[in-house]
Structures are given as structure tokens and as C-alpha cells.
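Student: For the record, in the sequence shown the residue sitting at position 297 is 333 according to our numbering, with numbers rising by one throughout. Glycine included, every Cβ here is placed at the ideal spot set by N, Cα and C. One structure coming up, written as C-alpha cells, with questions to follow.
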Amino acid sequence: MKNAFYMEGNLWLYRLYLWVAILLWLPVSLPAVDLPNLTFRTITISDGLSNNIINTIYKDKRGFTWLGTQTGLDRFDGINVKSFLQFSGRTIFSIAETDSVYLWVGTDKGLWRLDRKTDQVKLVTLDTKSLEVRSVFVSQTGRLLVGTTHGLFIYQENTFRKVLFGSNALSSTNFLTGIVEGHKDTFWLTSQGGLIEYNIVTGQSEVYTYQGDERFVNYFSCLTLLKEKLYLGTAGNGMLVFDIGKTAFSICPEVENGYIKSIIAVNDEIWVGTNGSGIRIISASTGKELSAIEHTSNADAICSNAVYSLLKEDDMLFVGTYMSGLSYTPAHGSFFSVYSYPELFNSYNMNVRAFWVDADGKKVIGTRDGLYYISEMERRIRHYTHRNSILRSDIILSVKPFNRDFLIGTYGGGLYLLHRNTGELSFLQSDQCFMQGSFNGYERDVNNKLWIGSSKGVYVYDHLTGEYEVYNSRNSSLSVNSVFSLKADSKGRMWLGTGGAVFMYDRVDGVFKSDVFLEHVLPYTKSVRFIYEDKKKNLWFCDDKEGVVKVDESFTTFEHITINDFLPNNSVMSIVEDPKNGGLWFATQRGLLYIKEEENYHKIFSLYDGIPGYIFNSPVQITDDNTVWWGNERGLVCYDAVKSWSEIGTKKVQPPVITSISVAGRPLCPGETLMPVSAPFIDEVFLSVNDNNISFTFSALNYAVENTDLYEYCLEEYDKEWKTLMKGNQVSYTELPVGDYMFRVRAASNPAAIKAVRVVVAGNTPFIRWIVVLSVVVCCILIYFYSGLLGKYRTMKEYINKKTEPSEENRKEKYQKSRMEEKTAMLIIGKLNECMEKDRLYLNPDLKLQDVAKVVKCNTGELSQVLNMFMNIGFTDYVNKYRIDEFIKRIQDKSASRYTLVSLSEQCGFSSRTSFFRSFKKFKGMSPAEYIKEHGIFIK
Numbered sequence: 037m038k039n040a041f042y043m044e045g046n047l048w049l050y051r052l053y054l055w056v057a058i059l060l061w062l063p064v065s066l067p068a069v070d071l072p073n074l075t076f077r078t079i080t081i082s083d084g085l086s087n088n089i090i091n092t093i094y095k096d097k098r099g100f101t102w103l104g105t106q107t108g109l110d111r112f113d114g115i116n117v118k119s120f121l122q123f124s125g126r127t128i129f130s131i132a133e134t135d136s137v138y139l140w141v142g143t144d145k146g147l148w149r150l151d152r153k154t155d156q157v158k159l160v161t162l163d164t165k166s167l168e169v170r171s172v173f174v175s176q177t178g179r180l181l182v183g184t185t186h187g188l189f190i191y192q193e194n195t196f197r198k199v200l201f202g203s204n205a206l207s208s209t210n211f212l213t214g215i216v217e218g219h220k221d222t223f224w225l226t227s228q229g230g231l232i233e234y235n236i237v238t239g240q241s242e243v244y245t246y247q248g249d250e251r252f253v254n255y256f257s258c259l260t261l262l263k264e265k266l267y268l269g270t271a272g273n274g275m276l277v278f279d280i281g282k283t284a285f286s287i288c289p290e291v292e293n294g295y296i297k298s299i300i301a302v303n304d305e306i307w308v309g310t311n312g313s314g315i316r317i318i319s320a321s322t323g324k325e326l327s328a329i330e331h332t333s334n335a336d337a338i339c340s341n342a343v344y345s346l347l348k349e350d351d352m353l354f355v356g357t358y359m360s361g362l363s364y365t366p367a368h369g370s371f372f373s374v375y376s377y378p379e380l381f382n383s384y385n386m387n388v389r390a391f392w393v394d395a396d397g398k399k400v401i402g403t404r405d406g407l408y409y410i411s412e413m414e415r416r417i418r419h420y421t422h423r424n425s426i427l428r429s430d431i432i433l434s435v436k437p438f439n440r441d442f443l444i445g446t447y448g449g450g451l452y453l454l455h456r457n458t459g460e461l462s463f464l465q466s467d468q469c470f471m472q473g474s475f476n477g478y479e480r481d482v483n484n485k486l487w488i489g490s491s492k493g494v495y496v497y498d499h500l501t502g503e504y505e506v507y508n509s510r511n512s513s514l515s516v517n518s519v520f521s522l523k524a525d526s527k528g529r530m531w532l533g534t535g536g537a538v539f540m541y542d543r544v545d546g547v548f549k550s551d552v553f554l555e556h557v558l559p560y561t562k563s564v565r566f567i568y569e570d571k572k573k574n575l576w577f578c579d580d581k582e583g584v585v586k587v588d589e590s591f592t593t594f595e596h597i598t599i600n601d602f603l604p605n606n607s608v609m610s611i612v613e614d615p616k617n618g619g620l621w622f623a624t625q626r627g628l629l630y631i632k633e634e635e636n637y638h639k640i641f642s643l644y645d646g647i648p649g650y651i652f653n654s655p656v657q658i659t660d661d662n663t664v665w666w667g668n669e670r671g672l673v674c675y676d677a678v679k680s681w682s683e684i685g686t687k688k689v690q691p692p693v694i695t696s697i698s699v700a701g702r703p704l705c706p707g708e709t710l711m712p713v714s715a716p717f718i719d720e721v722f723l724s725v726n727d728n729n730i731s732f733t734f735s736a737l738n739y740a741v742e743n744t745d746l747y748e749y750c751l752e753e754y755d756k757e758w759k760t761l762m763k764g765n766q767v768s769y770t771e772l773p774v775g776d777y778m779f780r781v782r783a784a785s786n787p788a789a790i791k792a793v794r795v796v797v798a799g800n801t802p803f804i805r806w807i808v809v810l811s812v813v814v815c816c817i818l819i820y821f822y823s824g825l826l827g828k829y830r831t832m833k834e835y836i837n838k839k840t841e842p843s844e845e846n847r848k849e850k851y852q853k854s855r856m857e858e859k860t861a862m863l864i865i866g867k868l869n870e871c872m873e874k875d876r877l878y879l880n881p882d883l884k885l886q887d888v889a890k891v892v893k894c895n896t897g898e899l900s901q902v903l904n905m906f907m908n909i910g911f912t913d914y915v916n917k918y919r920i921d922e923f924i925k926r927i928q929d930k931s932a933s934r935y936t937l938v939s940l941s942e943q944c945g946f947s948s949r950t951s952f953f954r955s956f957k958k959f960k961g962m963s964p965a966e967y968i969k970e971h972g973i974f975i976k
């Protein structure tokens with residue numbers, strides 16, 4: 037076909053035009069090249085801020101971001117904003133911490149100390165007057181310095197020492213606006229009367245003023261230190277640079293005018309927050325402007341050009357503005373990326389159903405909207421659909437290399453060849469069977485023949501001769517025609533995953549066998565979409581609803597893995613071994629999982645880590661450069677496995693922080709009986725049986741894009757397994773029974789970092805206390821009247837002894853009546869034991885009291901009474917005792933070595949691993965592993 041590729045023609049002319057355009061554009065725009073593509077999220081009073089004017093931003097050691105606004109103090113955890121009402125109406129200028137508890141807050145009404153453990157605040161007396169505190173600074177040695185409108189205060193030995201620069205406390209030199217630490221006990225301070233150098237040991241100071249322009253007012257608003265230079269913001273004259281070695285000022289021509297509200301040093305750059313011109317980024321080496329960040333009409337730009345405060349940490353930037361709130365760049369991981377080729381192609385938001393990445397850079401990507409062929413070396417791309425090619429269907433199910441070309445399978449549209457050199461499409465063969473129907477990829481057998489899965493059976497194709505055979509339900513033992521997946525294992529066996537069963541082709545007998553799994557495993561292999569063999573020769577069969585079945589090389593050990601183990605979802609689309617670290621990647625319909633079985637380690641990756649969506653499709657590939665590729669509902673995802681494992685999750689991270697706790701729908705406040713300290717510091721919560729509804733709100737404090745974090749949580753002794761919270765950051769439990777629990781939460785991407793809070797639900801203590809008091813009173817009354825009662829009792833006994841014996845008939849009637857109840861109980865017990873031993877009802881994992889009562893032919897009340905009063909055992913323990921006995925019988929059998937403990941327990945009727953281990957320990961006084969070891973039994 038002609039015009040097979042876009043952008044063909046006179047490439048040299050195109051490149052010439054491009055270079056000319058670059059040369060014309062370079063002198064003006066080159067400095068902006070270094071600026072990353074920043075995307076901002078903005079929060080305002082509608083999100084909980086106390087005010088939209090942000091004067092200062094401070095991030096504490098725990099990870100909370102504190103915002104000083106025009107009318108209050110706020111704490112931001114990346115998700116929610118909490119305003120501290122104790123600071124309502126106060127203008128906050130500066131924030132600093134000296135330890136993990138105390139936060140020092142400089143306001144227009146003095147210095148305040150916030151105890152973050154109790155949320156209590158205290159006004160700190162600095163002088164006889166309520167001073168305005170513009171700057172709070174903590175030195176590298178932990179010393180606190182406070183800059184006020186009437187001098188400097190230094191916190192030492194639990195008292196503040198006042199330092200004045202000149203005898204007049206009201207002078208402009210003592211109106212301090214900023215503090216930074218220099219060298220050898222030296223601090224630099226900005227004021228409304230100049231720049232001050234102060235030695236904290238000798239007490240000596242010197243004031244420097246700019247003399248270059250008589251009209252210049254030495255009102256410095258902020259400062260930062262980089263190497264041997266100070267960068268000073270002014271109130272209307274732009275930015276000055278002070279050379280410490282030369283003790284000389286110079287004007288920065290790139291920021292010559294304007295009110296500078298904030299300055300920070302970032303590597304070799306100076307970031308300047310201006311009141312009206314956004315953020316100017318200046319090179320400290322050249323003094324030239326590198327770039328600027330300004331407000332635009334884009335929703336993801338900074339919210340205002342009036343920048344009052346800045347904070348830069350790693351890849352994150354926080355920008356406080358005037359009247360527009362806080363803008364910040366949400367964090368995101370870089371483990372994964374979505375494939376794109378600049379200016380030509382971007383797979384983001386494409387539902388990638390199939391793909392192949394070639395060694396020479398060519399990529400073939402199959403989507404629900406056609407086929408893409410990309411040649412990066414030639415800068416060419418082509419998009420095939422049913423409208424512009426011979427494709428009969430736009431839904432691509434498989435892409436595989438075929439000799440030097442690519443074999444393309446479609447949904448309902450046949451099987452095609454994409455010719456590598458020409459980019460042309462053709463049918464594999466002109467036979468009608470290859471021109472219609474669905475095709476799901478192929479595998480090569482030991483004879484180098486292609487086994488091609490389709491909706492009409494499996495085709496065995498000889499690519500050398502073009503001859504083929506088809507096996508389906510009409511002409512073979514392959515009873516299901518829809519073949520979803522194929523796998524040729526290392527033993528030469530060919531496996532077929534179909535829409536009804538897994539088949540293995542027996543080369544000796546020439547038949548397809550579907551009885552390769554044990555009976556209890558068969559229900560989990562009805563719709564296998566992917567089959568994988570790992571380096572240990574284990575086979576993994578991935579079902580689209582029932583999780584994964586793992587089988588060892590000799591087909592003697594079977595293990596069924598589901599969400600009750602570690603999977604984020606039971607629909608597993610693919611498995612592949614990491615080429616560098618040896619772990620396994622599981623792509624599911626609800627996220628991507630990495631596990632290392634030997635280390636009992638697993639990690640679920642979320643949108644925060646760079647995956648574009650949670651739904652993965654079946655294709656997966658590892659290229660020669662150790663890059664792992666997956667097809668995802670929102671693009672072609674790749675991961676560079678050359679990165680060190682420390683980048684993937686073994687580096688130390690902080691656990692999530694509990695940010696608030698609610699009981700019975702009401703948020704708790706520090707100092708209450710239920711919560712004596714604030715939520716981030718709390719370790720245990722005590723609830724009454726009447727207030728047994730509790731909610732936890734938490735944050736990973738990573739400031740990720742909204743709703744991209746995944747959390748896992750578990751209330752031990754209540755939840756059977758860890759649960760995954762796919763959206764939001766709050767978990768609630770209602771009507772908790774009396775008990776002692778442990779709530780645990782972790783970010784799914786960092787499973788080793790766990791936050792734990794003990795939750796105790798106690799009985800009604802006042803009621804119990806009242807009962808005890810009443811019992812004591814009753815006992816006292818009984819003791820008081822004991823003597824009299826004893827006399828009456830003796831008299832009554834003598835009287836009764838004189839009475840004649842009751843008639844034989846009456847006594848027999850009474851005896852028979854008593855014996856009837858016992859006989860009924862014994863009858864029920866006999867029937868109960870018979871049905872359990874003969875019918876083995878206990879093998880049913882969902883067995884209920886009603887089910888047994890129906891078989892025994894009594895009501896549930898009678899059965900419960902018999903169990904508890906005559907047999908002294910509860911229903912659950914009664915059934916589990918039979919299950920334990922059954923388990924012990926089964927492990928005596930030689931075939932038991934083919935199964936895991938969990939598999940055997942499931943065969944005996946246990947529905948969960950936890951229930952089995954707890955019951956075994958209860959009845960046998962030891963764990964199953966200890967019992968097996970003691971009796972010399974071998975079980976996996």
C-alpha cells in the first residue's frame with residue numbers, strides 16, 4: 037500500500053526547517069528549557085483553609101505541612117486541612133519546631149507554643165509588651181531565635197534573652213523580618229533598617245546598608261544564604277545580592293523591581309517569590325533568569341502571581357499566595373511510566389490489549405481502537421483500523437513476532453500478518469478460517485509448530501509449509517472451543533486455558549486431557565486466561581475469577597492463591613518474574629502486585645507509583661534491556677528493572693499517620709477521656725459497649741495526586757485478613773463486640789511501615805459496679821439473718837422427715853418425666869454423632885446449626901441445648917473437633933505430601949487458615965507444624 041507511514045518525504049528539508057526554527061527561538065527561550073513541567077493542585081478556604089492569604093509554610097519532621105495564614109494556623113496532610121481554632125483571628129508570620137512535640141508560632145500578637153501532643157497552646161512572654169513576631173528560627177544546634185518588631189530574643193536555659201541592635205528598641209534596625217544561620221556562630225538578620233551580622237557567642241553585631249542609590253530604602257523583607265552570598269528581598273526594589281567576603285551589595289538586574297515576599301535557595305538556583313510577577317528562577321552562578329512560574333488560565337497552574345511564601349523539598353514545590361490559597365505540586369512515584377514517543381505518539385488513555393516491543397525499537401500496539409505500528413528509528417507511525425486497512429475488527433487480542441514479521445489476532449476479524457519492512461497488512465492465509473473468528477496468540481511446540489488459540493479451537497500450524505490442523509469439540513477430545521491461553525512448558529507439555537477447563541495435550545496418545553487437576557482444584561481453573569512457568573518449573577494458572585493455582589513441576593503439590601492470601605483481586609491477568617530481583621509480578625484487574633515468597637514480602641503498586649490505571653490486560657513482556665512491559669486499560673506501562681531494589685520499596689519509610697478518630701460519628705478532641713492525646717500521637721483507644729462505632733482517618737503524608745494512594749488495613753481479632761482501601765483515607769467499624777483489638781494500617785506501596793492503634797471495647801462498667809454493690813448488700817442481709825434462717829431450716833427438716841414417703845405411682849411418674857428429657861437428649865446425641873461420622877457433614881465449610889438440626893430432625897433450640905448442657909461444647913467447637921480429627925487422619929496418608937497445610941485444612945472443612953490454626957492449637961495444645969514435626973510426618 038502507498039503512504040504506509042506518516043511523515044514520509046523530504047526528511048532533510050523538514051529537519052532543516054526545524055533547526056532554523058530552533059536557532060531563531062534559542063536566544064529568547066533557552067533559559068526556560070530547564071524548567072520541569074510542573075502541575076499544581078490548589079487548596080483554598082473551600083478545602084478547609086482558615087484564610088486564602090498564606091504568609092508562611094513549614095514542613096515538620098513527621099511530614100505535616102503547616103500553613104500560617106492571615107487569620108489562623110492550619111495543618112495540611114496532603115488530603116485534609118485541619119484549622120487550629122486557638123489561633124483564630126491571629127496573623128501567622130513564622131513557624132518552627134524544636135522537637136517532635138513543640139511548635140513555635142510567631143504571630144501579630146506574640147510568640148505562641150503549640151503542644152502538638154495535646155493541642156494546647158501557651159503564650160510565651162518575651163517582654164512586657166505583646167510583641168509582633170515576624171521570624172522564628174531554629175539553629176543547627178537546636179537553639180531558638182525569635183525576631184520581633186522590638187529586637188531579637190534567644191531561648192536559653194528555659195528563658196529568653198533579649199538582644200537589641202542599637203539602644204532604641206523602636207528603631208527600624210530592631211524591626212526584624214528574617215533570620216538565617218551563617219558560619220562560626222554567626223547569624224544574618226534582615227530588618228527594616230538594613231542587614232545585620234550577629235555573632236551569638238561574642239554578642240558583636242554589625243549593620244550593613246545599601247548606599248548605591250539615595251532613593252533606596254533599606255527595608256529588607258526576607259533572605260536566603262547560598263555559599264558565600266546572601267540574597268535579600270526588598271519592599272519595592274527587587275532583590276539585592278550581598279557578597280559576605282567582600283561585604284558589598286549588588287543589584288540583581290533580573291529582579292530589579294517589585295516587592296519580594298519570599299526567597300529560597302534550590303541547588304545553584306535562587307527561587308524568588310514576587311508580589312505580582314509569580315516566581316522568578318535565577319542562576320546563582322550567572323545571575324541570569326532561567327525561567328519563571330506564573331499564573332495562567334490553565335487549571336493546573338499556580339493560583340496567583342502574588343507569591344507570599346515558598347517551600348521546596350525534593351521534587352515538590354509549595355507556593356503560598358495572596359488571596360488565592362496554597363498551590364503545590366503533588367508527588368508521584370517514578371517506578372512506572374506510560375510509553376510515548378515525543379510529538380508522534382502517546383499511549384496514555386489507550387486500552388492496550390496486546391503489544392510487542394522489538395529489539396530495534398519498533399513497537400506494535402493493539403488496542404480496542406485499532407493497531408499501531410511505531411518505528412522510532414525512522415520516526416514513523418501508522419494507525420490501522422477497519423476504515424483504512426483490511427482489518428475486519430478494531431479490537432486487537434494478540435501481537436506476536438512471526439519470523440521477521442508480526443502475527444496479529446483480532447476479536448472476530450481473523451488473523452493477520454504485519455510485514456515489518458513495508459508496514460503492510462495481509463491475512464495469514466486466504467483460507468476462510470483465518471479470515472474470521474477470534475485469535476488469542478500462539479505457542480511453539482517441540483517440533484517448532486505454532487499452536488494458535490482461537491474461538492473455534494486450536495490450530496496447529498506448520499509455518500514452513502503453510503499446512504495446518506484444527507482441533508475442536510467436533511473432531512477431538514478438546515471439549516471447549518474457546519482457547520484463551522497456551523503455554524509450552526519445559527517438559528514439552530502443551531497447556532491450553534479455555535472457557536471451561538484446562539487441557540494438557542498428551543503427545544503419546546494424541547489426546548487432550550482435562551483431568552490433570554485434583555477434584556478440589558478444578559473449580560478454580562474454569563476460565564484460565566494466562567499460564568506461566570517460573571524458573572523453579574512451577575506452573576501458575578491464572579483464572580479470571582478464582583485467583584491463581586500454583587502447581588509444582590511433578591504435579592504433586594497444588595496451592596490455591598486468592599485475595600485471602602495476598603492478591604489485590606482474584607482476576608489475575610498475567611505473571612512474570614522480575615529479571616533482576618527474582619520476585620514475581622502479578623497483573624490483576626485491580627492493580628499490580630510484586631511478591632518475594634522467600635522473604636514473605638509483597639507490595640501493591642498504586643497510581644501514586646506511576647501506573648495509569650488499575651485494570652491490566654494479559655500481555656506482558658521483558659525486553660533485552662530488562663524492561664518489563666504490561667498492557668493496561670490506560671496505556672502501555674513499562675518498568676525499568678535495572679533500577680536498584682531500594683527504589684522499589686526496601687528503603688525506610690514512615691508509616692501512615694492517624695490524623696483523626698471519630699467515635700459514634702463525633703470527632704474526638706485531645707484531652708477527652710477517650711482520647712487524652714491528639715490522633716497522631718495516640719496508641720490506644722478505650723470504648724464502652726454503648727459507644728462501639730469508631731472511624732480512623734489517616735494519611736501517608738506523601739502529598740500524592742488525589743486518590744492515587746492505596747491503603748491496607750486490618751482490625752486484628754475482628755478482620756480475618758488485611759483489606760485494601762482503593763479510594764479515600766478513612767475506615768469505619770460499627771457495633772464492635774466487647775474485646776481487645778489492634779487496628780493496623782499501611783500504605784499498600786510500603787507494606788513494611790505499619791501504624792498500629794489498640795482498640796478496647798469494654799463492657800458497661802457502671803452497670804457491673806452496681807451489680808457488685810447490690811450483691812454485697814444482699815450477702816450482708818443473708819449473713820445477718822443467717823442464725824434465724826438456720827433454725828427454721830432445721831425445724832423444717834425434722835418436719836419433712838416425719839412425713840410419709842410419696843406413693844410408688846407418683847414417684848415413678850416423676851422419674852419417668854425426668855427420664856424423658858434425658859432420653860430425648862440421648863436420642864438427639866445419637867443421631868448427631870451418626871450424621872457427623874457417617875455423612876461427614878463437617879466437610880461443608882459453610883455448615884450451620886440449622887443445617888444439622890434439619891438432618892437430626894429437631895429444632896435449633898433443642899440442638900443447642902443438647903450441645904451446651906449435655907455435651908458441654910459449643911456448636912463451632914463440636915464441628916471443628918471432627919475437622920481436626922479428619923485432618924490428622926489425612927496427614928497419615930502418604931498422598932498428603934502432595935498438599936500444603938492450607939489445602940488439607942480446606943479439604944477438611946475449614947474456611948480460613950486462621951480458624952484452622954486456632955482450632956488445632958485449642959484441641960491439640962500445639963500448632964499443626966509442631967504436631968507434624970513431633971510425629972515425623974512430611975507436609976509442604
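1. Between D921 and V796, what straight-line distance do the alpha-carbon atoms span, to the nearest angstrom?
2. Considering only residues of the same chain and omitting the five flanking positions on each side of Y650, which have a CB-CB separation below 7 Å?
3. Buried or exposed: which applies to N908, given that a residue is buried once 16 or more other Cβ atoms fall within 10 Å of its Cβ?
4. Measure the C-alpha to C-alpha separation of A889 and I599 and round it to an integer number of angstroms.
5. I'd like the list of long-range same chain contacts for I286, defined as Cβ closer than 6 Å, with 5 residues on each side in sequence excluded.
6. Our contact map puts E305 next to A320 with C-beta atoms below 8 Å; I'd like the distance itself, whole angstroms only.
7. Which residues does DSSP list as the beta-bridge partners of K348?
8. Looking at C-alpha atoms only, which residue of V169, F223 and G178 is the closest neighbour of T213?
9. Tell me, which residues are paired with H638 by DSSP?
10. Going by beta carbon distance, what residues of the same chain come within less than 6 Å of R847, once the five residues before and after it are set aside?
11. At the level of alpha carbons, what is the spacing between L672 and Y377?
12. CA-CA distance, P703 and V160?
13. Going by CA-CA distance only, name the one from N765, V587, S955 and P881 that's closest to R934.
14. For N880, write down the residues that DSSP places opposite it in a beta bridge.
15. Give me the residue from N303, G274, G473 and G323 with the minimum Cα distance to G314.
16. Can the beta-carbon of L180 be found closer than 8 Å to that of T134?
17. Indicate the three-state DSSP secondary structure (helix, strand or coil) for S425 in the structure shown.
18. Would L620 and D570 qualify as a contact pair, given that the criterion is a beta-carbon distance under 8 Å?
19. What residue does the alpha helix (DSSP H) around G214 start on, and which one ends it?
20. May I have the straight-line CA-CA distance separating M359 from I90, to the nearest angstrom?
21. Quick check on M540: does DSSP put it in helix, strand or coil?
22. Kindly give me the distance between the Cβ atoms of Y246 and L259, rounded to whole angstroms, as I take these residues to be in contact under 8 Å.
23. Hey, out of A736, R480, T332 and S515, whose CA is closest to S491's CA?
24. Pull up the DSSP beta-bridge partners for K198, would you.
25. Taking DSSP's pairing of strands, which residues face A367 in a bridge?
26. What are the boundary residues of the beta strand (DSSP E) that includes I597?
27. Distance, Cα to Cα, D875 vs T624?
28. Could you tell me if D113 is buried or exposed, where buried requires 16 or more neighbouring beta carbons within 10 angstroms of its beta carbon?
29. Tell me P703's beta-bridge partners as DSSP assigns them.
30. Closest to G187 by CA distance: which of S166, T332, Q176 and G493 is it?
31. CB-CB under 7 Å to S563, same chain, minus the five flanking residues each way: which ones, in chain order?
32. What would DSSP say about Y914, mapped onto helix, strand or coil?
33. Would you mind stating whether L347 and I93 have Cβ atoms separated by less than 8 Å?
34. For C578, list the residues DSSP reports as bridge partners.
Tutor: This is what the structure holds:
1. For D921 and V796, the distance between alpha carbons rounds to 35 Å.
2. Hits under 7 Å: R626 and G627.
3. Note on N908: under 16 other CB atoms within 10 angstroms of its CB, so exposed under the neighbour-count rule.
4. Per the coordinates, the alpha-carbon of A889 lies some 33 Å from the alpha-carbon of I599.
5. First, the residue type needs correcting, since residue 286 is Ser and not Ile in the sequence shown. The answer, listed in chain order, is V277.
6. The Cβ separation is near 6 Å, so the contact holds.
7. Beta bridge pairing from DSSP links K348 with L353.
8. When each option's Cα is compared against that of T213, the closest is V169.
9. Residue pairing by DSSP places H638 opposite I631 in a beta bridge.
10. Residue placement at R847 is flagged as unreliable, the pLDDT there being 34, under the threshold of 50; a coordinate-derived value is accordingly withheld.
11. A straight line joining the alpha-carbon of L672 with that of Y377 spans about 12 Å.
12. The straight-line gap separating the alpha-carbon atoms of P703 and V160 is approximately 29 Å.
13. Just measuring C-alpha positions, the residue of N765, V587, S955 and P881 sitting nearest R934 is V587.
14. Answer by DSSP bridge pairing: none, since N880 is not bridged.
15. It is G274 whose Cα lies nearest to the Cα of G314.
16. Taking 8 Å as the Cβ cut-off, L180 and T134 qualify as a contacting pair.
17. Coil, per DSSP.
18. Taking 8 Å as the Cβ cut-off, L620 and D570 qualify as a contacting pair.
19. Unbroken run through G214 is the beta strand (DSSP E), L212 to E217; no alpha helix (DSSP H).
20. Approximately 8 Å between the Cα atoms of the pair.
21. M540 falls in the strand class under three-state DSSP.
22. Incorrect: roughly 13 Å between the Cβ atoms, too far for contact.
23. Closest option to S491, judged by alpha-carbon separation, among A736, R480, T332 and S515: S515.
24. Checking the DSSP bridge columns, you'll see K198 partnered with F189.
25. Bridge partners of A367 according to DSSP: A740.
26. Looking at the DSSP string, the run of the beta strand (DSSP E) that includes I597 is F594 to I597.
27. A direct Cα-Cα distance of roughly 40 Å separates D875 from T624.
28. D113 sits buried, since 16 or more C-beta atoms from the chains shown fall within 10 Å of its C-beta.
29. According to DSSP, which records beta bridges pairwise, P703 is partnered with S698.
30. Of the listed residues, the one whose Cα sits closest to G187 is S166.
31. For S563, where only same-chain residues beyond five positions count, the Cβ hits under 7 Å are G535, D579, D580 and K581.
32. Reduced to three states, the DSSP call for Y914 is helix.
33. Cβ atoms of L347 and I93: closer than 8 Å.
34. According to the DSSP secondary-structure assignment, C578 is paired through a beta bridge with F566 and V584.
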